[in-house]
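Worksheet: the structure to be examined is printed underneath.
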Amino acid sequence: MHVSLSNQLVLERLNMNYVQSLAKSPNLHYVPSIYGYAANSTEPPASDLQDAIPTIDFSLLTSADPDLRSKMIQELDMACKDWGFFRVVNHGVPESLMNMVLEKSKEFFDLTEEEKKEFEEKGRDFLKVIVHPEFNCPSKPLVLLEYSKRTREVTKGLLSGISAGLGLDHSYVERALKLDSGFQIFAANLYPPCPQPELAIGLPPHSDHGLLTLLINNGVSGLQIKHKGKWFNVNNDIPNSFLVNTTDQLQIFSNGKYKSVEHHAIVNNAVTRLSVVVANGPSLDAVVEPAYKLVTEEKCPPKYIPMKYMEYLEMQQGNQIGGKTCLDKIRA
Ligand SMILES: O=C(O)CCC(=O)C(=O)O
Ligand SMILES: [Fe+2]
């Protein structure tokens with residue numbers, strides 16, 4: 021049995037402050053078994069294949085030189101197809117802003133329980149904030165507002181490249197999925213040190229529901245992705261880069277050409293890990309279905325039924341985290 025020790029999604033099921041106070045407890049020498057997480061013990065340990073993870077140079081993706089641009093579009097297409105995971109460099113989001121977001125997120129976890137209540141009263145998980153199309157954060161920090169805007173721009177640029185890589189007009193995804201009112205969630209995950217990391221899991225395996233998720237962290241490793249049936253460590257990142265994964269709605273839209281990558285977070289017994297995630301999805305009222313150009317009646321029939329993104333989210337909420345069970349539910 022493994023225990024889930026992150027402070028994000030799992031908190032929807034555990035007592036919200038349980039993990040942090042548990043981690044701070046002077047008597048914590050072992051992982052209590054009551055919050056069990058059943059790991060697949062037949063799986064081999066994760067490997068390091070850091071260099072293989074593709075790197076996308078965002079500045080080339082938007083370059084005025086058509087050759088450079090089309091080469092990067094091709095690399096992006098391969099990255100989505102083969103990995104569902106890549107780094108993004110030269111994206112134009114200032115390093116100072118990224119560091120500030122990490123710093124402010126860390127400060128959030130240091131707030132008193134009383135101060136954190138402000139977030140709970142609004143009926144939200146206090147570590148997860150909807151930032152677009154409405155900015156729902158109670159205290160409206162400018163840094164978060166700016167980060168939300170800048171990461172949306174990067175997402176739009178990547179999706180324009182992805183649209184072209186799928187053989188569609190570069191603005192097709194933007195128009196079809198109404199990205200101007202795209203649903204964006206900001207989340208911070210804190211993983212305190214754990215005395216028995218081999219018995220624990222930070223965040224259980226799952227795929228994300230939107231189109232692209234952008235992740236940064238405080239330099240402590242812990243993210244692992246599943247690639248060709250095996251887990252891989254995503255070690256400390258190239259400074260100032262984003263880790264990006266393709267998610268459920270992109271798998272649907274691309275009719276399965278791109279896979280929503282399964283990932284999880286592990287913990288360690290020495291240092292606290294912090295990750296900051298921006299999940300970027302279609303508009304809540306956009307109907308997501310395989311792009312018409314990617315399907316043909318005989319050779320390539322649609323693999324998924326059309327569904328409003330909002331309805332997909334509702335379906336996912338009623339589901340236990342783990343695997344890709346929601347995608348399985350909407351197969352055509
Ligand atoms: O903390 C991480 O590295 C993973 C976080 C994650 O997968 C998520 O928030 O959906
Ligand atoms: Fe995730």
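For the sequence shown, the numbering used here gives the first residue as 21, with consecutive numbering after it. All C-beta atoms in this analysis are idealised placements derived from N, C-alpha and C, irrespective of residue type, glycine included.
Considering only C-alpha positions, which residue in the set the options is nearest to residue i?
i, options, result
"S79", "A72, N110, S67, D189", "N110"
"L164", "D200, S201, N119, G185", "N119"
"T175", "L162, Q204, P158, H226", "Q204"
"A66", "Q94, K248, E309, V296", "K248"
"N209", "E127, Y278, L232, P259", "E127"
"H226", "C214, E166, K246", "K246"
"W103", "T75, L122, V113", "T75"
"N289", "Y211, P321, A352", "Y211"
"L235", "D85, V113, D68", "V113"
"P213", "V287, D189, V264", "V287"
"E133", "L122, L147, K313, H152", "L147"
"S183", "E317, D87, Y278", "Y278"
Among the residues of its own chain, which have a CB less than 7 Å from the CB of residue i, if the five just before and after it don't count?
i, result
"D77", "M92, V109, N110"
"T82", "G177"
"P310", "I272, F273, N275, P322, K323, Y324"
"L333", "H229"
Looking at residue i and ligand 2, is the gap between the Cβ and the nearest heavy atom below 7 Å?
i, result
"T233", "yes"
"D200", "no"
"H283", "yes"
Mind reading off the beta-carbon distance from residue i to residue j? Whole number of angstroms is fine, and I expect it under 8 Å.
i, j, result
"R89", "F262", "Rounded, the Cβ-Cβ distance is 19 Å, inconsistent with contact."
"A285", "L219", "About 15 Å; that fails the 8 Å criterion."
"P170", "H152", "Before going on, a small fix: residue 170 reads as Arg here, not Pro. In fact, because the Cβ distance is near 12 Å, the residues do not count as touching under 8 Å."
Ignore the nearest five residues each way along the sequence and tell me which others in residue i's own chain have a CB closer than 6 Å to its CB.
i, result
"Q357", "What is shown of the chain runs 21 to 352, which leaves residue 357 out entirely."
"R33", "Unreliable positioning characterises R33 in this predicted model, as indicated by a pLDDT of 31, which lies under 50. The coordinate reading is nonetheless provided below. Taken in chain order, the list of residues that qualify is empty."
"R293", "Y211, V240, G242"
"L314", "N275"
"V264", "F106, V108, L232, L234"
At a cut-off of 7 Å, is residue i close to ligand 1 when judged by its beta-carbon and the heavy atoms of the ligand?
i, result
"N237", "yes"
"A207", "yes"
"V298", "no"
4-residue-minimum alpha helix (DSSP H) runs that sit fully inside the segment 98-136, ordered along the chain: Within the segment 98-136, the complete alpha helix (DSSP H) segments at least 4 residues long are 115-129, listed from N- to C-terminus.
Give the list of continuous beta strand (DSSP E) stretches no shorter than 3 residues that lie fully inside the segment 216-245.
The segment 216-245 contains these whole beta strand (DSSP E) runs: 223-226, 232-237.
Review point. Considering only residues of the segment 257-298, which uninterrupted alpha helix (DSSP H) runs meet the minimum length of 4 residues and lie entirely inside it, listed in chain order?
Key: DSSP runs (the alpha helix (DSSP H)) wholly in the segment 257-298: 268-273.
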